[in-house]
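Going by the numbering used here, the first residue of the sequence shown is number 128, and it counts up by one from there.
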Amino acid sequence: MVPKKNTPAKAELFKKIHKQRQPKIRVPIVPPFGPTGCDLTQWQSYASQIRAHFESGGLERDIPGGVVSWADSPVPSQPKRNLNFLLAALNHSNTRVINVQEPWATMIATSRKDFENRPDKFPQGGGWMVIVASKVKYSAPEWTYRLGDIRRRMAWSGVDDSCVFTQKDLEKTEQCAIAVAKVVSVDNRLCSLELKQSIWNNGDAFAWKIVEVHKLIEPVFFGNGTLGKPYFKNCPSAFKDNVRHQISRLAV
Numbered sequence: 128m129v130p131k132k133n134t135p136a137k138a139e140l141f142k143k144i145h146k147q148r149q150p151k152i153r154v155p156i157v158p159p160f161g162p163t164g165c166d167l168t169q170w171q172s173y174a175s176q177i178r179a180h181f182e183s184g185g186l187e188r189d190i191p192g193g194v195v196s197w198a199d200s201p202v203p204s205q206p207k208r209n210l211n212f213l214l215a216a217l218n219h220s221n222t223r224v225i226n227v228q229e230p231w232a233t234m235i236a237t238s239r240k241d242f243e244n245r246p247d248k249f250p251q252g253g254g255w256m257v258i259v260a261s262k263v264k265y266s267a268p269e270w271t272y273r274l275g276d277i278r279r280r281m282a283w284s285g286v287d288d289s290c291v292f293t294q295k296d297l298e299k300t301e302q303c304a305i306a307v308a309k310v311v312s313v314d315n316r317l318c319s320l321e322l323k324q325s326i327w328n329n330g331d332a333f334a335w336k337i338v339e340v341h342k343l344i345e346p347v348f349f350g351n352g353t354l355g356k357p358y359f360k361n362c363p364s365a366f367k368d369n370v371r372h373q374i375s376r377l378a379v
């Protein structure tokens, strides 16, 4: 119960309530395995410094030791695929439709991000997925955090990337299929360092490694997102036909 008079106890109570209402500081994620090909011991030492810096309230511009980078190409050059191969992959019984939050969905579609972090493994150990971009109605602080995360990781990976996304840019493709990708389910607890090492692998129990991705020439509207990992084969006919049409346009 709030004291009625303006007493020290009341002031202290309001101070406590105000503190609880303050936005929590999100400590940036520092991937545990480092960029592809880096020395793990060196990376872990650097990562420990970074985590301690942020946890103590340090600013991003004052990151200790500057930016350490390694040569890292997120997704290999995409193989040329003929129409029959891509349609067969799309129509496979295990192909799923996956909702991915922005700007990560666009990062995957444009071959900049090679891991999708998930709490469970991809069904049957891997396969193809149709990526549906989520809505982008985020608060300004949340959007700033997400863009900061991208810039840090790209810098740590040694990739010179000048991509700048605005929420307005990505509103054009929200709730739309924007790419198809082939993934391998990675168990971070058991697999080799070579398989799981990436600046985008957050170190959860499982991660989906993107080994091939094809960006659709035009987005295909899906609707109000997806629940779980629905099969592509069970999606509405109009959606499937439109995705197939986009696949036929990019096949070479």
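The beta carbon of each residue, even a glycine, is placed where N, CA and C say it ideally should be.
- Message: Quick check: the Cα distance between R316 and V307, rounded to an integer number of angstroms?
- Response: Answer to the nearest angstrom: the Cα atoms are 27 Å apart.
- Message: According to DSSP, simplified to helix, strand and coil, what is R148?
- Response: Reliability of the predicted coordinates at R148 is poor, the pLDDT of 45 falling under 50, and the value obtained from them is presented with this limitation in mind. It is helical.
- Counting pairs of Cβ atoms below 8 Å between the stretch 156-165 and the stretch 323-330, do you hit three or more? By the Cβ test, the stretch 156-165 is in contact with the stretch 323-330, since at least three Cβ pairs between them sit closer than 8 Å.
- Just how far apart, CA to CA, sit P363 and P346? In this model, P363 and P346 are separated by some 16 Å (Cα to Cα).
- Message: For the beta strand (DSSP E) containing P346, name the first residue and the last one.
- Response: P346 -> beta strand (DSSP E) spans 333-348.
- Are P250 and N211 touching if we call contact CB-CB under 8 Å? Taking 8 Å as the Cβ cut-off, P250 and N211 do not qualify as a contacting pair.
- Does DSSP classify N369 as helix, strand or coil? In this structure, DSSP gives N369 a helical state, which the three-state scheme calls helix.
- CA nearest to the CA of N361, picked from P230, I190, H219: H219 is the residue among P230, I190, H219 whose C-alpha sits nearest the C-alpha of N361.
- Item | Three-pair Cβ contact test at 8 Å for the stretch 264-280 versus the stretch 335-345 | Look at the beta carbons and you see the stretch 264-280 not touching the stretch 335-345: under three pairs across the two are nearer than 8 Å.
- Message: Based on DSSP bridge pairs, tell me the residues matched to D253.
- Response: Looking at the sequence itself, residue 253 is Gly, so the reference to Asp does not match. DSSP lists V311 as partners of G253.
- Message: Using CA atoms only, rank isn't needed, just tell me which of M256, L186, R208 is closest to L217.
- Response: Looking only at M256, L186, R208, the smallest Cα-Cα distance to L217 is reached by M256.
- Query: Smallest Cα separation from R153: which of A232, D189, M234, R273?
  - Reply: Out of A232, D189, M234, R273, R273 has the C-alpha closest to the C-alpha of R153.
- Task: Kindly indicate which three-state DSSP category Y265 falls into: helix, strand or coil?
- Result: Residue state, collapsed to three classes: coil.
- Span of the alpha helix (DSSP H) holding I235? First-last of the alpha helix (DSSP H) with I235: 231-236.
- Query: Roughly how many whole angstroms lie between the Cα atoms of G350 and Q302?
  - Reply: G350 and Q302: Cα-Cα distance of roughly 6 Å.
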